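Step one of this worksheet: look at the structure below.
Numbering (my numbering), first residue to last: 135 to 385.
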C-alpha cells in the first residue's frame, strides 16, 4: 500500500510540476494560465495530449517539437521531475499528516517562484497572495508548537531581509523580503535560522561556480529566491533535528 501511495504522490508531483512551469512563466507576464492552451513557443502549434505527458513526452520526442523540430529546453522535464521527487520526499518524510499537506503546498509555491525568479528575476505578488491565506489558516490550526513561533518567524524573516535591502540599497529585492516573511511564518523561529544559513551557503557555492566558469559577470545579479526556497524546504523537514543536535553539542 505504501508503495502505491508513493507512486501516486510521485505521479501527482510530475503532473503538477508541468502546471507549475506554466504558472511560473505566465503569471509574471500577466498572462492567463489557461488561455492560450499549451503550444510550441517557436511554431505556435497547439500541443496535444500526447505532447503533454510529463517527462515522457520530452523523451519520446527526443527533446524536439514534433511539428517544427525545434529543440525543447530540458528545463521543462527537469522541473516536472524535481516536483515529483520533492512531493515523494515530503510524503516519505511526514507520511499521511497535515504537515505533509503544508509541505506539498510549500513545494508548489517554491517551484513556481523558482521558475519565475530564474526566468524573469521576479517574485510575483499574485503568487504569494494566492498561497498566503492557505498557509496562515493551516499554521493557525496546526502550529509546530506555538503560534508565536510562526509570528516571530514572519517578523524576523521579513524584517531581517528588509534591513539587508535597505543597507545594500537594492542588493536584496522586495520580492525576497515578502517571500522570506511568508516562509518564516510557515517554518517558524528558530527553524528560520538554518533556512537562511543554507540559502546563503547554496547561493555562495552556486554563485561562485557561475563566476568561476564565467557564466555570469562579477556584478551581475543572481536571483536569491530559489536559494531561499531550497533552504526553507530543508529546514522544514530537518530544521528542528539540526537545532536539537547543535544544542546538544553545546551542553
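Ideal Cβ placement from N, Cα and C applies to all residues, glycine included. Fair warning: this is a prediction, and the values are worked out from it, not measured in the lab.
Straight across, the Cα-Cα distance linking residue 157 with residue 167 is about 6 angstroms. No Cβ-Cβ contact shorter than 9 angstroms links residue 140 with residue 210. Under DSSP, no beta-bridge partner is assigned to residue 351. Ranked by Cα distance from residue 336, the first of 199, 363, 349, 346 is 363. Residues of the same chain with a CB within less than 7 angstroms of the CB of residue 376, apart from the 5 flanking positions on each side, are 328 in chain order. Taking the Cα positions, residue 185 is about 5 angstroms away from residue 191.
DSSP places residue 185 outside any alpha helix (DSSP H), giving it a letter other than H or E. For residue 240, the closest C-alpha among the options 330, 303, 361, 367 is that of 367. In the same chain as residue 180, and ignoring 5 residues on each side of it, the C-beta atoms closer than 7 angstroms to its own belong to 171, 173, in chain order. Selection 373, 207, 279, 285 evaluated against residue 253 yields 207 as nearest (Cα-Cα). Looking from the CA of residue 143, the closest CA among 220, 341, 350, 275 belongs to 220. In the same chain as residue 320, and ignoring 5 residues on each side of it, the C-beta atoms closer than 8 angstroms to its own belong to 236, 240, 269, 273, 284, 287, 366, 370, in chain order.
Distance check between residue 282 and each of 324, 314, 249, 300 places 324 closest, using alpha-carbon atoms only. Contact between residue 316 and residue 266 is confirmed by a C-beta separation of about 6 angstroms, below the 8 angstroms threshold. The C-alpha of residue 213 is placed about 21 angstroms away from the C-alpha of residue 200. The alpha carbon of residue 246 has as its nearest neighbour, out of 373, 384, 359, the alpha carbon of 359. DSSP places residue 172 outside any alpha helix (DSSP H), giving it a letter other than H or E.
Residue 381 counts as exposed, since fewer than 16 other C-beta atoms from the protein chains shown sit within 10 angstroms of its C-beta. A Cβ-Cβ separation of about 16 angstroms leaves residue 322 out of contact with residue 271 under the 8 angstroms criterion. Taking the Cα of residue 152 as reference, the smallest distance to any Cα among 205, 177, 215 is reached at 215. Here residue 312 is buried. Its C-beta has 16 or more other C-beta atoms within 10 Å. Per DSSP, reduced to three states, the secondary structure at residue 164 is coil, with no helix or strand assignment.
Under the DSSP assignment, residue 206 falls outside any alpha helix (DSSP H); it carries neither an H nor an E label. Counted as a single uninterrupted DSSP element, the alpha helix (DSSP H) harbouring residue 265 occupies residues 259-275. Assignment of residue 198 by DSSP, reduced to helix, strand and coil, places it in the strand class. The three-state reading of DSSP puts residue 140 in helix, counting H, G and I together. With respect to the 9 angstroms criterion, residue 256 and residue 355 are not classified as neighbours on the basis of their beta carbons.
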